[in-house]
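Structure, as structure tokens:
Protein chains: 2
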Amino acid sequence: MKEIKGFSKLAKREKIDFLVRELLDNSCDAKDILDSFGHRDQKTQKLIDDFSENTISNFHIPFGVVPNLKVNGNVFCAPMAIEESSVVAAASKAAKYWFSRGGFHADVVGVLKVGQIHFKWLGRDISKLQRFVKEREPYLLDAVKPLIQRMEQRGGGIHSLELVDKSDDIENYYQLVLKFDTRDAMGANFINSVLEGVASELQRDAKVCDYFTKSEQELMVVMSILSNYTPECLVKVHVECPVEDLYEHSLGMCAEIFANKFVMACDIARVDPGRATTHNKGIFNGIDAVVVATGNDFRAIEACGHTYACRDGQYRSLSNAKVTRDGRFHFELEVPLALGSIGGLTALHPMAKIALELLGQPSAEQLMKIVAAVGLAQNFGAIRSLVTSGIQKGHMKMHLMNIMNQLEAQPIEQDMVQQHFDDRIVSFGAVRDYLGTLRTV
Amino acid sequence: MKEIKGFSKLAKREKIDFLVRELLDNSCDAKDILDSFGHRDQKTQKLIDDFSENTISNFHIPFGVVPNLKVNGNVFCAPMAIEESSVVAAASKAAKYWFSRGGFHADVVGVLKVGQIHFKWLGRDISKLQRFVKEREPYLLDAVKPLIQRMEQRGGGIHSLELVDKSDDIENYYQLVLKFDTRDAMGANFINSVLEGVASELQRDAKVCDYFTKSEQELMVVMSILSNYTPECLVKVHVECPVEDLYEHSLGMCAEIFANKFVMACDIARVDPGRATTHNKGIFNGIDAVVVATGNDFRAIEACGHTYACRDGQYRSLSNAKVTRDGRFHFELEVPLALGSIGGLTALHPMAKIALELLGQPSAEQLMKIVAAVGLAQNFGAIRSLVTSGIQKGHMKMHLMNIMNQLEAQPIEQDMVQQHFDDRIVSFGAVRDYLGTLRTV
Chain A
1 MKEIKGFSKL AKREKIDFLV RELLDNSCDA KDILDSFGHR DQKTQKLIDD FSENTISNFH
61 IPFGVVPNLK VNGNVFCAPM AIEESSVVAA ASKAAKYWFS RGGFHADVVG VLKVGQIHFK
121 WLGRDISKLQ RFVKEREPYL LDAVKPLIQR MEQRGGGIHS LELVDKSDDI ENYYQLVLKF
181 DTRDAMGANF INSVLEGVAS ELQRDAKVCD YFTKSEQELM VVMSILSNYT PECLVKVHVE
241 CPVEDLYEHS LGMCAEIFAN KFVMACDIAR VDPGRATTHN KGIFNGIDAV VVATGNDFRA
301 IEACGHTYAC RDGQYRSLSN AKVTRDGRFH FELEVPLALG SIGGLTALHP MAKIALELLG
361 QPSAEQLMKI VAAVGLAQNF GAIRSLVTSG IQKGHMKMHL MNIMNQLEAQ PIEQDMVQQH
421 FDDRIVSFGA VRDYLGTLRT V
Chain B
1 MKEIKGFSKL AKREKIDFLV RELLDNSCDA KDILDSFGHR DQKTQKLIDD FSENTISNFH
61 IPFGVVPNLK VNGNVFCAPM AIEESSVVAA ASKAAKYWFS RGGFHADVVG VLKVGQIHFK
121 WLGRDISKLQ RFVKEREPYL LDAVKPLIQR MEQRGGGIHS LELVDKSDDI ENYYQLVLKF
181 DTRDAMGANF INSVLEGVAS ELQRDAKVCD YFTKSEQELM VVMSILSNYT PECLVKVHVE
241 CPVEDLYEHS LGMCAEIFAN KFVMACDIAR VDPGRATTHN KGIFNGIDAV VVATGNDFRA
301 IEACGHTYAC RDGQYRSLSN AKVTRDGRFH FELEVPLALG SIGGLTALHP MAKIALELLG
361 QPSAEQLMKI VAAVGLAQNF GAIRSLVTSG IQKGHMKMHL MNIMNQLEAQ PIEQDMVQQH
421 FDDRIVSFGA VRDYLGTLRT V
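Going down the list, the sequences are from chains A and B. Residue numbers 1 to 441, in my numbering, belong to the letters of the first sequence in order. Residue numbers 1 to 441, in my numbering, belong to the letters of the second sequence in order.
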């Protein structure tokens, strides 16, 4: 393939025609698929197209709900957008299980978000820089006042501004760290605009600071941007019940053994990074599904959560389980979640709006609690399966069903396929081949 | 809201009706939205519904392409499914920029995937356990032979089996770690089925091991599951050119200063976890968009990448930049990517199939290279913006456009809104209010 010129300037129809001609073998099928995955209403499609660039269609993620999620006594029907089998099923099962055992208990520990102005300053006496930042702080904040007004009216704004000496790590490198309360907004645009405003003012002020030498006056901002690492925007959630109440026939073991295996599975995820990665991946299966459904940014949530998981120098599980001395099973999750329930895509994507309506238009803090509860529910469901029947049984059943749907297997074929694959690895090719042999008999 | 009973048993139509009645204020609008985001072809919608559970509609992620992505001399049009503004635009700009500077150079370092059988063994003399595993290894592998046949025919299979002593971390805790080559499949189902098979055999064999004591024979498998941490399924990608070739008028500075600021921005992300989180988040903006578009699992990719980012005990950037002694700018990314280009959703989701067709049906290794290149392109675009004009300028322009679309602003209103918000924070409320004042004048 050669260089394509002016692709972004083409109309959407022309983009599709070009790609179908050059890369998709001129296939009518491909063209039909691209078209059929477009939204039937042109105005809505235009809206979705404008979220991104060079769009030619939409990727559909199944949008489902988890009923009976009880958080702090309130019952929610949590929206989840996820393409992975069994995730919604496992969360639903766990939500129902804990519904009758007191539900999920969630607390927001803090809501602070973080912005960093990274700069170079060529002085040797840091006390001069400290004096400068201290003196100029009111003026720096004053410079961005117009940007902050609306946020302050909503009860948010800048929480603190602090100089951080990073010159031990990199010569002449310092940070201004600002913390923000952005209320119900995720606040990325707000934070970045404020940071860029403060940063320009900082450079300007340094240039005319009369106790700086010439080279000290040339303070150079490298970059100004929010940090997705927000350990102070944190939520805790737990479930708890007497060990004996854990019993269900389907566990296939007594409550004590189940509790012990469950606790050991969590302990393993605390000490072994290889297991912790997958353990936390399961938590994010639940978290991300609600994050996506509500129009939040899952990359930000993932990056922050995993960094938090290694804050003590080793990558560990975000959740923990124990059996207390008085015989209670306790399972908890602590996770930073910088979410918004207003602004950004939450207000623009029609399905995100529906998702938030399903949750009763929650505040950002309420959303943090709900999302964390789904994360813990997901984690509970996964570990429960792992330490009892194993996860493959349910997984493969669903995967097999997907493949049979795709191959349009008839009911009688479905029975035979299910029997055949009872002790075999399910794959698209294997099912197709087996169906082939059935059909040629 | 009270407990909902039997929700999963309802037909899809009934689920929607129930939710609209109970939670969406009986709104016809909400019902129309849920319906309109369904796929117009019922069979296709059924297929998508069966990926997940309790589905009521689809979440549309805009599906766009990045043209002119040159990887190892081949030019690709990379599919990206992402809802965030500017991501596709930035990747496209970076792809084009590097197209004329030699493109991206990518190498797959390894393709091994990992599975863990976590178990408890009550012995004190580990040499007995070592002997047992060594002796039984051929039989353990033999027990899962039927599961592996097809994978071996494709050139993959089990690469190694190793006993790991974890009893220093948790009393009596050991692992069997298996490594796999799953060829072009992501291989999660394959790995999990094999692990569960080996684990049952392990327990059975221990029970009859004649040099084990009674309690040693009671080897207890806690869980068997793949590890999403795959540091040996790794790809490296870099771009490189003489520093002076970096120059473009739009940088607003000379090539040397740009290169130095760029390198410093990367150095900062190496030493500061707060910055590293956001730096890597930007890389995953690109990576995840291709991962989603090709039907791969972004939670797995995220969890693995971030764990890899803290492998030395501090969370750090995954990419690095330097200026070499002979005046060349070098920018590289090293990231584990356990991807599949066959099987799972890649074969089932019609849009994932199109995505892979756009890439010319790549092997898993080719896909790893392409995805890594998009990650590096994304990272380049973000850092370039950050160290030159800042990111807010482009971001806010796009965000403002989205909001004006939503509010159906006319061209003459658009001009006035753009002017007004030149030095103000853009939010949906603020734009709506300002448009309101314009419209009432």
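Beta carbons: idealized from backbone N, C-alpha and C, even for Gly.
Note to self: For chain B, check one thing: does any of its Cβ atoms lie closer than 9 angstroms to the Cβ of E83 (chain A)?
What the structure shows: True, the Cβ-Cβ gap to chain B drops below 9 angstroms.
Margin query: Does any residue of chain A have a CB that is nearer than 9 angstroms to the CB of L147 (chain B)?
Written below: For L147 (chain B), the answer is yes, since a Cβ of chain A falls inside 9 angstroms of its Cβ.
Notebook entry, point to check: How should C254 (chain B) be labelled, buried or exposed, when 16 other C-beta atoms within 10 angstroms of its C-beta is the threshold for buried?
Noted result: Exposed, because fewer than 16 other Cβ atoms sit within 10 Å of the Cβ of C254 (chain B).
Check: Which residues of chain A have a Cβ atom closer than 8 angstroms to the Cβ of A303 (chain B), listed in chain order?
Finding: Under the 8 angstroms cutoff, chain A gives T277, T278, N280, K281, F284, E302, H306.
Notebook entry, point to check: Residues in the region 28-39 of chain B with C-beta within 8 angstroms of chain A's C-beta atoms, listed in sequence order?
Noted result: So the close ones are A30, I33, L34, S36, F37, H39.
Check: Considering only residues of the same chain and omitting the five flanking positions on each side of C291 (chain A), which have a CB-CB separation below 6 angstroms?
Finding: Per the sequence shown, residue 291 (chain A) should be read as Val rather than Cys. Hits under 6 angstroms: F298, I301.
Notebook entry, point to check: Taking the continuous beta strand (DSSP E) assigned at R124 (chain B), which residues delimit it?
Noted result: No beta strand (DSSP E) holds R124 (chain B); DSSP gives it neither H nor E.
Margin query: Considering only DSSP beta bridges, list what V335 (chain B) is partnered with.
Written below: DSSP output for V335 (chain B) lists B:V235 as bridge partner(s).
Next item on the list: Would you identify the three-state DSSP class for C266 (chain A), choosing helix, strand or coil?
Entry: Helix.
Item checked: Cβ of N58 (chain A) within 9 angstroms of any chain B Cβ -> Yes - at least one Cβ of chain B is within 9 angstroms of the one on N58 (chain A).
Notebook entry, point to check: In whole angstroms, what is the alpha-carbon distance linking V198 (chain A) and H159 (chain A)?
Noted result: If I take the Cα positions, the gap works out to 14 angstroms.
Notebook entry, point to check: With distances taken between CB atoms, is the gap from N379 (chain B) to A303 (chain B) smaller than 9 angstroms?
Noted result: Not in contact: N379 (chain B) and A303 (chain B) (Cβ atoms no closer than 9 angstroms).
Notebook entry, point to check: Distance, Cα to Cα, V66 (chain A) vs M80 (chain A)?
Noted result: Between V66 (chain A) and M80 (chain A), the C-alpha separation is close to 7 angstroms.
Note to self: Taking CB distances under 9 angstroms as the criterion, tell me whether A206 (chain A) reaches chain B.
What the structure shows: No, A206 (chain A) lies away from the interface with chain B (no Cβ there is under 9 angstroms from its Cβ).
Item checked: beta strand (DSSP E) runs contained entirely in the region 305-381 of chain B, provided each spans 3 or more residues -> Entirely contained in the region 305-381 of chain B, the beta strand (DSSP E) runs reaching 3 residues are, in chain order, 319-323, 328-336.
Next item on the list: Return the residue from the list B:A309, B:V239, B:N285 that minimises the CA-CA distance to P273 (chain B).
Entry: The shortest C-alpha separation from P273 (chain B) is found at B:A309.
Item checked: Near the ligand ADP: M351 (chain B) beta-carbon under 8 angstroms from a heavy atom -> This structure does not include the ligand ADP; it has no bound ligands of any sort.
Next item on the list: Grab the span of the alpha helix (DSSP H) containing G274 (chain B) for me, first residue to last.
Entry: 273-293 is the extent of the alpha helix (DSSP H) around G274 (chain B).
Check: How about V177 (chain B) and L163 (chain B): are their beta carbons less than 9 angstroms apart?
Finding: Cβ distance < 9 angstroms, so V177 (chain B) and L163 (chain B) count as in contact.
Check: Just by C-beta distance, which residues in the region 369-400 of chain A are closer than 7 angstroms to chain B?
Finding: Answer set for the region 369-400 of chain A: L386, V387, G390, I391, Q392, H395, M396, H399.
Notebook entry, point to check: Would you call C266 (chain B) buried or exposed, if buried means 16 or more other Cβ atoms sit within 10 Å of its Cβ?
Noted result: With 16 or more other Cβ atoms within 10 Å, it is buried.
Next item on the list: Examine chain A for any beta-carbon lying closer than 9 angstroms to the beta-carbon of K9 (chain B), and answer yes or no.
Entry: Chain A contact via Cβ: absent.
Margin query: In whole angstroms, give me the CA-to-CA distance for N68 (chain A) and A94 (chain A).
Written below: If you take the alpha carbons of N68 (chain A) and A94 (chain A), they lie about 10 angstroms apart.
Note to self: Please give the ranges of any alpha helix (DSSP H) in the region 24-101 of chain A, keeping only runs that are unbroken, at least 4 residues long and fully inside the region.
What the structure shows: As for any alpha helix (DSSP H) of minimum length 4 sitting wholly inside the region 24-101 of chain A, the runs are 28-36, 42-49, 87-99, ordered along the chain.
Next item on the list: Could you tell me the distance, in whole angstroms, from the CA atom of R275 (chain A) to the CA atom of A382 (chain A)?
Entry: Between R275 (chain A) and A382 (chain A), the C-alpha separation is close to 13 angstroms.
Notebook entry, point to check: From the DSSP output, which residues share a beta bridge with F180 (chain B)?
Noted result: For F180 (chain B), the beta-bridge partners assigned by DSSP are B:K113, B:I158.
Note to self: Taking 7 angstroms as the limit between beta carbons, can you name the residues of its chain near L246 (chain A), skipping five residues before and five after?
What the structure shows: Excluding its 5 nearest sequence neighbours in each direction, L246 (chain A) has C-beta neighbours in its own chain below 7 angstroms: A255, F258, A259, F329, listed in chain order.
Note to self: Is there a C-beta anywhere in chain B that falls below 9 angstroms from the one on K120 (chain A)?
What the structure shows: Taking 9 angstroms as the threshold, the shortest C-beta distance from K120 (chain A) to chain B falls below it.
Margin query: With three or more beta-carbon pairs closer than 8 angstroms as the criterion, would you say the region 205-216 of chain B touches the region 393-410 of chain A?
Written below: Output reads no: the region 393-410 of chain A does not touch the region 205-216 of chain B.
Next item on the list: Mind listing the chain B neighbours of C310 (chain A)? Cutoff is C-beta to C-beta under 7 angstroms, in chain order.
Entry: Within 7 angstroms of the CB of C310 (chain A), the CB atoms of chain B belong to C310, Y315, in sequence order along the chain.
Check: Can the beta-carbon of G295 (chain B) be found closer than 9 angstroms to that of A355 (chain B)?
Finding: The answer is yes: Cβ separation under 9 angstroms.
Notebook entry, point to check: Which whole-angstrom value describes the C-beta separation of I56 (chain A) and L19 (chain A), a residue pair presumed to lie in contact below a C-beta threshold of 8 angstroms?
Noted result: Between L19 (chain A) and I56 (chain A) the Cβ distance is about 7 angstroms, and since that is below 8 angstroms, they are a contact.
Next item on the list: Output, in chain order, the set of chain A residues within a Cβ distance shorter than 7 angstroms of T55 (chain B).
Entry: What T55 (chain B) touches in chain A: P62, F63, G64.
Check: Looking at C-alpha atoms only, which residue of A:V387, A:C241, A:V323 is the closest neighbour of H279 (chain A)?
Finding: Taking each of A:V387, A:C241, A:V323 in turn and checking the Cα distance to H279 (chain A), the smallest one comes out for A:V387.
Item checked: Contact set for I391 (chain B): own chain, Cβ-Cβ below 6 angstroms, skip 5 residues either direction -> Only S385 meet the Cβ criterion.
Next item on the list: Can you tell me which of A:E413, A:L318, A:P242 puts its alpha carbon nearest to the alpha carbon of T440 (chain A)?
Entry: Comparing Cα-Cα distances from T440 (chain A) to each of A:E413, A:L318, A:P242, the minimum goes to A:E413.
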